Amino acid sequence: MTKPMNPNFYAVIIGTEILNGRREDKHFKFLRNELLQRGFKLKASFVLEDDPKLMEEVFRLVKRDSNSVMFSFGGIGATPDDYTREIATKVFGDGKLYMHQEAKRRILEQFKEAAYPHRINMAMLPKGAELLHNPINNVPGFYLEARFFFVPGFPQMAHPMIKEALQKFSPKKLYRYTICVEASENDLLDIMKQIPKDVEFSSLPAIKGSKYQDSISIASPDKQKAKKWIDFFIKEVQKRGFAYKEEECL
0 MTKPMNPNFY AVIIGTEILN GRREDKHFKF LRNELLQRGF KLKASFVLED
50 DPKLMEEVFR LVKRDSNSVM FSFGGIGATP DDYTREIATK VFGDGKLYMH
100 QEAKRRILEQ FKEAAYPHRI NMAMLPKGAE LLHNPINNVP GFYLEARFFF
150 VPGFPQMAHP MIKEALQKFS PKKLYRYTIC VEASENDLLD IMKQIPKDVE
200 FSSLPAIKGS KYQDSISIAS PDKQKAKKWI DFFIKEVQKR GFAYKEEECL
């Protein structure tokens, strides 16, 4: 597998403590915003228990997408409930963990003799793993095939690693046009169905007082194509006598 030209981005956030309310997730919003700034968006986001079977199933789901890029948060430490390294090599590698010499060097540099007997195990990584820099304690994250990225659960460590990982993907410009139509989704369905599949389209309905509204958004890397189809939508809206504004419905 090689880095996809048109990537589909997935977030996998591992942490029972998020699901049971002991911690609040700080990764989804961060990753979403970093992607949006670069002209990308998430395909899907998962929040999982520390359950090896479930983790494996989700990793395999992501792997089946030939255009997938995954950011996995949490579980790469050395405690008994840290399963990510083991599952990563089972799904994306050869099922074995190997001592990564550069990761070992960084951990020893940071912790000296205190790296043994447990911290040093964080240098056991899947074959072919490359490293992501940890600005807090020098224990690296890692990635495979330049598309499957594994970072700690701590935001202070994970978020700089995500920014480093995203440098591998050239930003793309996305041209977006949005209108607010005073109509229901049902009123506009026949227009929506004419928008081609290669144009990003969304409909966000709302009710303001007793009136229906619908935010229609059309986007494309091709500015002319995006403009063509928002103009088409406006023309069809006008034909039907619905009022509209060139902004998001509030």
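Numbering of the sequence shown is given in numbering that gives the first Met the number 0, commencing with residue 0 and proceeding in unit increments. Positions of the beta carbon are idealized from the N, C-alpha and C atoms, including for glycine. Since the structure is predicted, the reported quantities are computational estimates derived from the model, not experimental observations.
Check: Counterpart residues of Y142 in DSSP-defined beta bridges; Outcome: E129, F148
Check: C-alpha distance - E55 paired with D49, whole-angstrom precision; Outcome: 11 Å
Check: Which listed residue (T78, A102, P125) has its alpha carbon closest to that of N136; Outcome: A102
Check: Buried/exposed call for G14, threshold 16 Cβ in 10 Å; Outcome: buried
Check: From S219, S209, K210, residue whose alpha carbon lies closest to that of P195; Outcome: S219
Check: Runs of alpha helix (DSSP H) lying entirely within the stretch 39-86, each at least 4 residues, in chain order; Outcome: 51-63
Check: Cβ contact check for the stretch 174-188 and the stretch 213-229: 3 or more pairs under 8 Å; Outcome: yes
Check: Start and end residues, alpha helix (DSSP H) containing I135; Outcome: Premise fails: I135 is in no alpha helix (DSSP H) and is neither H nor E.
Check: Buried versus exposed call for M69 [16 or more other C-beta atoms within 10 Å across all chains shown]; Outcome: buried
Check: Contact belief for F27 with I75 at Cβ below 8 Å, rounded distance in angstroms; Outcome: About 18 Å; that fails the 8 Å criterion.
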